[in-house]
Each structure stands twice: as structure tokens, then as C-alpha cells.
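Some notes on the structure that comes next.
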Amino acid sequence: MLEARLEQANLLKKVVDAIKDLVQDCNFDCNDSGIALQAMDNSHVALVSMMLKSESFSPFRCDRNIALGINLTSLTKVLRCAANEDILTLKAEDAPDVVNLVFESAESDRLSEYDIKLMDIDQEHLGIPETEYAATISMPSAEFQKICRDLMALSESVSIECTKEGVKFACSGDIGSGSVTLRSHTNVEKPQLNVEIDLSEPVALTFSLKYLVNFCKASGLSEQVRLCLSNEVPLLVEYALSNNSYLRFYLAPKIGD
Amino acid sequence: STGQKSILGFFSKK
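From first to last, the protein sequence lines stand for chains E and X.
Letter by letter, the first sequence follows residues 370 to 626 in this note's numbering.
Letter by letter, the second sequence follows residues 839 to 852 in this note's numbering.
Written out as C-alpha cells, the structure is:
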């Protein structure tokens with residue numbers, strides 16, 4: 370059986386909120402290392418990969434591998450019933466028909482309990498190769514969100530060009546063009562504002578802004594976002610969570626002109 | 839116009 374207790378419901382609320390417009394039905398794969406999710410969007414352009422390590426829960430118990438097939442719209446409805454600060458416990462039997470969610474208020478004696486019916490989801494798992502990326506950029510997640518939203522007002526696509534000069538986000542559309550360039554920057558007092566660019570070779574790739582703006586819904590999960598790029602491979606957008614847990618998005622590049 | 843690649847072109851099915 371599975372029993373996983375989260376100190377704050379907020380974490381799961383934010384994760385589900387960040388991915389629910391990209392993927393609808395997905396398996397939450399539970400084993401003794403934690404709860405993982407991997408799903409592609411309908412058009413097979415983007416891939417979501419979430420890992421909530423067992424250390425992110427206290428306690429965490431999962432005796433055998435269980436796949437919880439959950440509709441994210443249903444999960445969102447139930448998670449709305451939890452206060453952000455509630456303690457959240459996920460429970461399931463070994464061959465479950467439902468997943469049980471318990472919300473407890475730390476401040477009062479309220480205890481809410483919900484069951485969500487599970488679905489049989491035949492999901493293909495993709496092997497994501499270990500990649501030595503040519504460029505890795507760490508930057509404030511709010512800054513990345515603003516850049517993506519701003520550029521989407523002008524164009525459907527953004528080119529991300531990383532050189533030793535810095536990283537340039539550029540677009541052009543019917544009304545004109547725009548770009549934002551960032552250089553490495555260290556803020557000793559506010560390290561969450563740092564921009565770090567680690568480059569082994571120059572990279573230039575083009576991506577759909579619609580997807581990037583969607584990924585940025587995860588901005589509330591982490592002060593910093595990491596962008597990993599290599600020529601002609603999908604972009605990795607990573608939001609690191611506590612205890613080595615993470616929410617990652619992969620986006621296939623656009624090609625040609 | 840630009841073409842959009844599929845993620846399946848990069849990551850193989852397990």
C-alpha cells in the first residue's frame with residue numbers, strides 16, 4: 370500500500386496546477402523512491418517529468434510499485450478543497466480503484482477526506498538520455514516568465530541564443546521584433562536573483578512560446594529555473610524542489626525558416 | 839514558416 374504525507378498541500382496543488390493544462394490523464398508511478406510522473410502533451414511536442422522523492426514526504430511508505438491513473442481535472446477539483454497549509458496524506462491500496470486524499474488542518478481539528486476514482490491509463494514511457502548540455506542557464510523563474518509572456522505578445526516563437534556574451538531571447542512578428550539579453554550576474558544579498566550561464570559551446574534554437582509560457586506556470590514552485598540547451602535536442606526547463614524533487618519540462622525545438 | 843519537431847523524434851519509447 371501507499372501512504373505519503375506532505376507537510377503542505379500547497380506543493381501538490383502547485384505542481385498539478387503547473388501541468389494540468391499540458392497533460393490531462395496521467396499515471397502517478399509510486400515506488401519506494403517516491404512518486405513520479407511522466408507524460409507528453411497531446412501534440413507530442415512537450416514532455417512533463419515530475420519526481421517527488423520519498424524524502425519530500427514524512428512519512429513515506431510504498432511497499433510495491435503502484436500506478437495511480439488520475440485525471441488531473443478531477444485531482445484539481447479535490448485539491449481545491451484543501452487549504453494551502455493543510456497536511457496532505459495520499460493513500461492507496463496495492464491494487465487500488467481509488468486514491469484517498471486526507472487534508473488535516475494543523476491549527477484546528479478539521480479532517481477532510483476525499484476519494485478519486487482511478488483510471489486505467491496505458492501510457493508509454495520514454496527513455497530520456499543523459500545529456501551533457503552545451504549551455505545551462507540558471508535564472509530567476511519570474512524573470513523567465515516575464516520574458517516569455519512579453520515576447521509572446523509579438524510572436525509565436527522565440528530564438529534562444531547562448532554565447533559567451535550571454536543569453537539572448539529574441540522574436541519577430543507582424544508588428545515588429547524584440548529581444549532580451551541576460552548576462553551572468555551575481556547578487557550576493559539576493560542569490561535568488563542570480564543569473565548563471567555555463568557554456569561549453571554556443572547554442573541557438575527556436576521554440577514555441579505557447580509551451581514555454583505554459584511551463585512558466587510552475588514559477589511559484591521555485592525562485593530559480595534552469596534552462597539546458599544543446600543544438601538540435603529538446604530544451605530542458607527545470608524547477609528544482611526541496612529534497613532533490615523536481616518538475617521538468619522538455620520541449621522539442623522548431624526547425625527551418 | 840518553421841516546423842515543429844515532435845518529442846518522439848528525440849526520446850525513444852521504453
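Don't be surprised by glycine CBs; every beta carbon is placed ideally from N, CA and C.
These numbers were taken from a predicted model, which means no experiment stands behind them.
At which residues does the beta strand (DSSP E) containing residue i begin and terminate?
| i | result |
| --- | --- |
| E473(E) | V467 to E473 |
| T555(E) | Looking at the DSSP string, T555(E) is not in any beta strand (DSSP E), and its letter there is neither H nor E. |
| E701(E) | Only positions 370 to 626 of chain E appear in this structure, which leaves residue 701(E) out of reach. |
| G403(E) | G403 to M409 |
| V549(E) | S546 to L551 |
| V536(E) | G535 to S541 |
| A373(E) | L371 to L375 |
| D478(E) | Per DSSP, D478(E) belongs to no beta strand (DSSP E) and is neither H nor E. |
On the criterion of 16 or more Cβ atoms from any shown chain inside 10 Å, does residue i qualify as buried, or is it exposed?
| i | result |
| --- | --- |
| N583(E) | buried |
| Q561(E) | exposed |
| E607(E) | buried |
| G545(E) | exposed |
| V463(E) | The sequence as given places Asp at residue 463(E); Val does not occur at that position. By the 10 Å Cβ count, D463(E) comes out exposed. |
| V557(E) | exposed |
| R518(E) | exposed |
| D455(E) | buried |
| L480(E) | exposed |
| A387(E) | buried |
| T550(E) | exposed |
| S611(E) | exposed |
| K851(X) | exposed |
| A621(E) | buried |
| S839(X) | Low per-residue confidence applies at S839(X): pLDDT is 49, beneath 50, and the placement is therefore not dependable enough to give any value. |
| T505(E) | buried |
| C629(E) | The structure shown does not extend to residue 629(E), since chain E is modelled only from 370 to 626, so the question has no answer here. |
| G843(X) | The sequence given here places Lys at residue 843(X); Gly does not occur at that position. With 16 or more other Cβ atoms within 10 Å, it is buried. |
| T555(E) | exposed |
| I435(E) | buried |
| M419(E) | buried |
Who does residue i pair with in a DSSP beta bridge?
| i | result |
| --- | --- |
| K586(E) | DSSP, once it has assigned bridges, lists no residue as partnering K586(E). |
| E607(E) | R595(E) and R617(E) |
| I845(X) | According to DSSP, I845(X) bridges with nothing at all. |
| S526(E) | S577(E) |
| I490(E) | Paired residues: none, contrary to the question. |
| K559(E) | According to DSSP, which records beta bridges pairwise, K559(E) is partnered with nothing at all. |
| G496(E) | S850(X) |
| L568(E) | A504(E) |
| L459(E) | A373(E) and L470(E) |
| A415(E) | L620(E) |
| N396(E) | G438(E) |
Could you spell out the range, first to last residue, of the alpha helix (DSSP H) harbouring residue i?
| i | result |
| --- | --- |
| C517(E) | S510 to M521 |
| L381(E) | A378 to I388 |
Chain X contacts made by the segment 472-494 of chain E, where a contact means CB separation under 9 Å: E493 and H494
Beta strand (DSSP E) runs contained entirely in the segment 421-457 of chain E, provided each spans 3 or more residues: Positions of the beta strand (DSSP E) runs, each at least 3 residues long and wholly inside the segment 421-457 of chain E, are given as 429-431 and 435-440 in order along the chain.
Taking beta-carbon pairs under 9 Å, can you tell me which members of the segment 495-517 of chain E lie near chain X? L495, G496, I497 and P498
Just by C-beta distance, which residues in the segment 432-460 of chain E are closer than 7 Å to chain X? none
Taking any Cβ of chain X, which residues in the segment 536-548 of chain E have a Cβ under 9 Å from it, in chain order? Within the segment 536-548 of chain E, no residue has a Cβ that lies closer than 9 Å to any Cβ of chain X.
Positions along the segment 591-603 of chain E whose CB lies within less than 7 Å of some CB in chain X: V602 and P603
Could you run through the segment 544-574 of chain E and flag, in chain order, every residue whose CB is less than 7 Å away from some CB of chain X? none
The segment 402-416 of chain E: which residues have C-beta closer than 9 Å to a C-beta of chain X, in chain order? M409, D410, S412, H413, V414, A415 and L416
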